[in-house]
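Trainee: If you read the sequences in order, they're chains A and B.
Using the numbering used here, you'd call the opening residue of the first sequence number 1 and step up by one each time.
Using the numbering used here, you'd call the opening residue of the second sequence number 1 and step up by one each time.
All C-beta atoms, glycine included, are put in the ideal place defined by N, C-alpha and C.
Keep in mind the model is a prediction, meaning the values are calculated, not measured.
Just passing along the structure, written as structure tokens.
Number of protein chains: 2
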Amino acid sequence: MNQKNEDGYELWLRYRRVDNPDRLRQYRQAISRATVLGASETAEIIRRELGRALPALLDRAVPLSEQRPTGNALVVGTAGDLKPLGVSIPQVQRQNLGEEGFLIRSHQAGGDTWIVITGNAETTLLTGAFHFLRLLQTHQNIDNLNILSRPRIRHRLLAHWDNLDGSIERGYAGQSLWQWAELPETIDPRYHDYARACASIGLNGACLNNVNAQAQSLTTAYLEKVAALTDVFRPYGMRVYLSPVFSAPMQLGGLPTADPRDPAVTKWWQKKVDEIYRLIPDFGGFQVKANSEGQPGPQDYGANHDDGANMLAEALAPHGGILLWRAFVYDVSVDQDRAKCANKEFEPLDGKFRPNVLVQAKNGPIDFQPREPFHPLFGAMPQTPLALEVQITQEYLGQSIHLVYLADMWKEVLDADTYARGPGSTVAKIVDGSVFGHNTSCIVGVANTGSDRNWCGHHFSQANWYVFGRLAWDHQLSTETITEEWVRLTWSNDPLVLQSIKPMLHGSWPACIDYMTPLGLHHIMQEGHHYGPDPAFNSAPRQDWNCVYYHRADREGIGFDRSSSGSNAVGQYHPPLREQFGNLTTCPEKYLLWFHHVPWTHRLQSGRTLWEEMQHRYDEGVAFVEKMVDIWQGLQATIDSQRHQHVSQRLAQQLENARKWREVCLNYFGQFVSGEDT
Amino acid sequence: MNQKNEDGYELWLRYRRVDNPDRLRQYRQAISRATVLGASETAEIIRRELGRALPALLDRAVPLSEQRPTGNALVVGTAGDLKPLGVSIPQVQRQNLGEEGFLIRSHQAGGDTWIVITGNAETTLLTGAFHFLRLLQTHQNIDNLNILSRPRIRHRLLAHWDNLDGSIERGYAGQSLWQWAELPETIDPRYHDYARACASIGLNGACLNNVNAQAQSLTTAYLEKVAALTDVFRPYGMRVYLSPVFSAPMQLGGLPTADPRDPAVTKWWQKKVDEIYRLIPDFGGFQVKANSEGQPGPQDYGANHDDGANMLAEALAPHGGILLWRAFVYDVSVDQDRAKCANKEFEPLDGKFRPNVLVQAKNGPIDFQPREPFHPLFGAMPQTPLALEVQITQEYLGQSIHLVYLADMWKEVLDADTYARGPGSTVAKIVDGSVFGHNTSCIVGVANTGSDRNWCGHHFSQANWYVFGRLAWDHQLSTETITEEWVRLTWSNDPLVLQSIKPMLHGSWPACIDYMTPLGLHHIMQEGHHYGPDPAFNSAPRQDWNCVYYHRADREGIGFDRSSSGSNAVGQYHPPLREQFGNLTTCPEKYLLWFHHVPWTHRLQSGRTLWEEMQHRYDEGVAFVEKMVDIWQGLQATIDSQRHQHVSQRLAQQLENARKWREVCLNYFGQFVSGEDT
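As structure tokens, this is what we get:
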């Protein structure tokens, strides 16, 4: 046992001694002491963080003070606080920083060099401090620093699908972090650790309860609990959001209706929102799932999404709150192709929403599959800011058992060009508001956190939380950069570890697609829990709850014809995508069976027939998991045994599962393939 | 913040540097190195424990080896392993040690002094090692050691009322520790830490699932999970037990009946038990709740408890397993007084049980109330070994919110004289088998552990786990001794801390009785969850589910007449207790309203009327909680802020609750008291 056992609780904030002698010397020379200006709770948190990190990283005392330092030092303070120390930040740079940006700059103070971390608000100093500590943790050069960083998206949220009874819908890492029964009296120290982790990667909000919401969460008793959590989160720069249930005026207010056009209903919501803001002055807003999968909504009363959203938005507007209205709808009467429903319902409403409404779409048009083409709503509603929702928790991707790194999936979506205003209209730029000039923007990640000691169930699932935060802050960062950071922070700066884990991470998502749903297949998971394959499933009461609805395998071939001769879902994409996707010969093979029903004998770029390619892909997927098992085995002497063993156990299950996927899918699909096709 | 924050996970195994200079010098001189003989997993665990504890306690390196040491040293090995080193343990002492005893003895080895820890089995060495470390942790003198300790009770179990879905019936510290969904593939390191904690206080078994059992726990899939847990627990000397549901042959075996006299049923159980022992060769046995609170049992088929128990016992006997058959029954058709039911059902069966059956009774005849007289079954079944069940989790005593130390409650029960074979026939001696000469014995504590980081919800609830283990090992230990140990281990050896916390602990149980149910009152808690007062509750369908059934307050007075003129429950106790309890003037006031309906104007020893005394007791109870708040406040500078704050928050709630109890009970009972009585 070479390394001290770790349980994963520390996440990427491990602050181990810098074991690179040159860097250690540089850091010790550069940081003989640290000064944090300011008296706020946030300043106190920064002091605590530096007091914990610097002595551990530098392996020696680093005096902390609130005074002007002598010697080379780290100095943290707002531009205003820095002035008396003779550090002035030019006005243009202050403007450039905006509300949330930070600046890390080397500064000559007489014969000494200070590393100054500054920004316009104290919570941004915290973000900057974490950024700086990350430089040390990952052994970066800190000479002549001049880093200005600010987020490209305004609201960067984790959405917790946590129920009030402590269970988590699609949670695979234990129970909810929120101890509702104990709040507001008892403040679990883990609330602080949660907020700290979020702040360290640039997140600034959390929606606390499940979008399949219970009215109870809006009672005064629960709002007081929420307020207690908010008091913990506030100094970390984290704001709190809630998911209200649309029928709350009936359940809590005793009204006979929840019709958004009814003045009593409007008034009830206004009063409720006013109450929330009395308890939580910086409340972030609501995230609403309405008329979706059985949730109540305005359509229950003949009103429409805009009526519902605007009513709530008007209640929130005077307080500065935003309204996230989810576009995850698939009413079979709207269209027989589930993938088309959201656009058909929402496109006509473009321009009808209040300014503080964001329509929130998932990354793809179905539901968090291993791979989907981007959601065609992005680019289809120029007058409406669109929030992007991705799922950090791996509902369909092996949950907390499979090692699947989602960075490249999200990057594929963010970088996807919608052509909404010509080339370069990427999803990322739709979401950050730059394509259509929106001032507000939001990205939401469905959290994978829970009460498990390692937060996420799988040590590697922490990577998905990490990369979500980093991409939410700056979608222009390369995934390679973020991956390198995370591995160094979480595992080690040892080159062997880096060379081993980075390819595991980047290969894991393609492998998962291959052993689950290659070539555009989707939604062939077992019913309900969505773990494991069940392509034969065909007994659900609704067509689009069955696996056969999605893959449509028959004697001729396999795939969902969404071309113009099929459901014409391709028509919801801008040119040239609709043509590219709609044509079997130009459609990217990764989306082939998503958009086309393809003959088994169809030849792919590899020269293999479709059926041969499918077999090949399943084999490749399994082979990569085998490879991960080997790579990981090779790290046994380098990684602490507690974490190593835990991951080994998970990888063994993943391998067994991957083989099962291959077996079940090839057996099932194979029965449609005639001898001639093979 | 003077002390480093702690989250309570380490329990009483904190191994902080010995901060008493004289002791530190003594310890360093006495332990220059340590030798652990043997190659078993247990020997490895002992090495790991010493390797963790000694360098931390002594604040310097303590070389560990498996060789004969030179210099003063700690030497751990079985008598057989010690022989080659020239240490011989006399045969008579080896016999005296029995299977589970340990010996810690100073030994002269040439010019060196060794501290030798030995015993007949390796798991006893582990118990001995923990005992020795406790001496260091609590700053005891270790010169000329000669400690022989062996348990007075054979089976010392925690009973986990854990459901397979992860919830815990009457659990207030999070979810189940057992991650059934992840087992057997994933072994949570916490399983080791759980077994280690149990072993450190002398426990040797755990019943893993709720007595309100699910058949699923006996399926092969679940047994494989149980086997994986057992593999972790085994080297710590912890055996595993299960709670089977009596109807399992129908649910799992597809049989038309579970009648214990049906050969097919008998055979099913035999095969199931054989399967269990194939997977778990050292399986401990079953704990059964049958014909109790709706659970199926032999009476469903016209058979009786002995038929059911014996059938299961016969299946277990060839493998050495025991059967714990719970006597927690209260069928209203047996007796109108719930307190009498168990004796009426079980006394007639004395002598009818197989030798490996133990009838398991709770400490009192109702249900884990703040205070009950001992259960009259103890002493009433001389031919049957009786197991004692106490509840560590505080179902009726403020759950994980109230600081209530249960040591003195259990000690009161253990020391209670049943007079079954004349004076001195204490409950403890009935249970340990010495009164009636039984070879087998068992004590069961319903666990208060859960997934909360601090294991028990409240830092002080850890004390109840600790003291249960220590008393299970040796019921002759004084609670003062155990209390002093626990405070030193868990909090500090600082005299201020000791002087502050010890009186809090010892005063907390009397205070809880006073602010909840003084003078023999019982079962006036709110329905279902049993938290908070509801003395007016009278709407349950069964009389004995109502609070008014238990307190019987009216214009005349209050209390349940169980004297010979009432239900004559006193008749179930041996003389002289039946007379003492049955007479209003000789009945101990602590049991007054348990056994008597007492006029409001009745004068107590204090000179106060009953009603005045009740008011006084409620006041006293609340006053003590106020005092605890003050005492705790005084420790702010001495205790780490994380634990201090958590306990402060709990104490604030306890105070609010205690005041509520007083208000609700005095308001409610006061309405029966006329002006003349007050």
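DSSP three-state label for MET250 (chain A), please.
Mentor: helix
Trainee: If you draw a straight line from the alpha carbon of ASP452 (chain A) to that of HIS459 (chain B), how long is it in whole angstroms?
Mentor: 20 Å
Trainee: So HIS646 (chain A) contacts chain B; which residues on that side make the cut at Cβ distance below 9 Å?
Mentor: THR186, ILE187, ASP188, PRO189
Trainee: At a threshold of 7 Å, does VAL211 (chain B) count as lining the ligand MG (C-beta to nearest heavy atom)?
Mentor: Only the bare structure without any ligand can be found here, which leaves the ligand MG out of the picture.
Trainee: Would you kindly work out how many angstroms separate the C-alpha atoms of MET1 (chain B) and ASP640 (chain B), rounded to a whole number?
Mentor: Only weak support is given to the placement of MET1 (chain B): the predicted model assigns it a pLDDT of 40, under 50, and the value that follows is read from those uncertain coordinates. One C-alpha to the other measures close to 7 Å.
Trainee: Based on the DSSP output, what are the partners of SER106 (chain B) in its beta bridges?
Mentor: B:ILE115
Trainee: Only counting the same chain, and skipping five residues up and downstream in sequence, which positions put a Cβ closer than 6 Å to that of ARG371 (chain A)?
Mentor: ILE513
Trainee: Three or more C-beta pairs under 8 Å: does that hold for the stretch 419-429 of chain B against the stretch 481-494 of chain B?
Mentor: no
Trainee: Compare the beta carbon distance of GLY128 (chain A) and ILE153 (chain A) with 8 Å and say whether it is the shorter of the two.
Mentor: no
Trainee: Going by the DSSP bridge assignment, what does ARG603 (chain A) pair with across the sheet?
Mentor: A:THR609.
Trainee: Quick one: is ASP7 (chain B) near chain A, going by C-beta distance under 8 Å?
Mentor: yes
Trainee: How about LEU64 (chain B) and VAL18 (chain B): do their beta carbons lie closer than 8 Å?
Mentor: no
Trainee: Please look up how many angstroms separate the CB atoms of TRP600 (chain A) and VAL673 (chain A), rounded, as I've assumed it's under 8 Å.
Mentor: 5 Å
Trainee: Return the residue from the list A:GLU389, A:GLU275, A:LEU349, A:THR384 that minimises the CA-CA distance to ILE366 (chain A).
Mentor: A:GLU389
Trainee: Keeping to the same chain, check which residues put their C-beta closer than 7 Å to that of LYS352 (chain A); ignore five residues upstream and five downstream.
Mentor: ASP306
Trainee: Determine whether the Cβ of SER176 (chain A) lies closer than 8 Å to any Cβ atom of chain B.
Mentor: no
Trainee: Out of B:LYS590, B:ALA472, B:MET250, which one is the CA nearest neighbour of HIS522 (chain B)?
Mentor: B:LYS590
Trainee: Should GLN636 (chain A) be flagged as near chain B, meaning a C-beta pair shorter than 8 Å?
Mentor: no
Trainee: Please report whether the beta-carbon of ALA39 (chain A) lies at a distance below 8 Å from any beta-carbon of chain B.
Mentor: no
Trainee: For LEU148 (chain A), name the three-state secondary structure that DSSP assigns.
Mentor: strand
Trainee: Could you give the residue range of the beta strand (DSSP E) that holds PHE346 (chain B)?
Mentor: From DSSP, PHE346 (chain B) is part of no beta strand (DSSP E) but of the alpha helix (DSSP H) over 341-346.
Trainee: Please classify GLY557 (chain B) as buried or exposed, where buried requires at least 16 other C-beta atoms within 10 Å of its C-beta.
Mentor: buried
Trainee: Are HIS596 (chain A) and ASP561 (chain A) touching if we call contact CB-CB under 8 Å?
Mentor: yes
Trainee: Please report the straight-line C-alpha distance between SER243 (chain A) and PRO495 (chain A), rounded to a whole angstrom.
Mentor: 44 Å
Trainee: For CYS587 (chain B), which three-state DSSP category applies?
Mentor: coil
Trainee: Who are the near neighbours of MET409 (chain A) in its chain, counting only those whose CB is closer than 6 Å to its CB and skipping five residues on each side?
Mentor: Same-chain partners within the cutoff: TRP509.
Trainee: Alpha carbon to alpha carbon, how far is ARG28 (chain B) from GLN462 (chain A)? Give it in angstroms, no decimals.
Mentor: 43 Å
Trainee: Report the option in A:GLY566, A:GLU527, A:SER564 whose CA atom is closest to the CA atom of VAL548 (chain A).
Mentor: Closest option to VAL548 (chain A), Cα to Cα, is A:GLU527.
Trainee: The beta strand (DSSP E) that contains HIS155 (chain B), what's its start and end?
Mentor: 155-159
Trainee: Exposed or buried, what is SER400 (chain B) when buried is set at 16 or more other beta-carbons lying within 10 Å of its beta-carbon?
Mentor: buried
Trainee: Taking the alpha-carbon positions, what's the SER567 (chain A) to THR418 (chain A) distance?
Mentor: 20 Å
Trainee: Give every residue of the same chain whose Cβ lies closer than 8 Å to the Cβ of GLU99 (chain B), excluding the five residues on either side of it in the sequence, and list them in chain order.
Mentor: Around GLU99 (chain B), the same chain offers ASN120, ALA121, THR124 as residues with beta carbons nearer than 8 Å, after the five sequence neighbours per side are excluded.
Trainee: Mind checking whether ASN454 (chain B) and ASN464 (chain B) have CB atoms under 8 Å apart?
Mentor: no
Trainee: Do you know whose CA, among B:GLN636, B:VAL629, B:CYS341, B:THR585, lies nearest GLN572 (chain B)'s CA?
Mentor: B:CYS341
Trainee: Does any residue of chain A have a CB that is nearer than 8 Å to the CB of ARG650 (chain B)?
Mentor: yes
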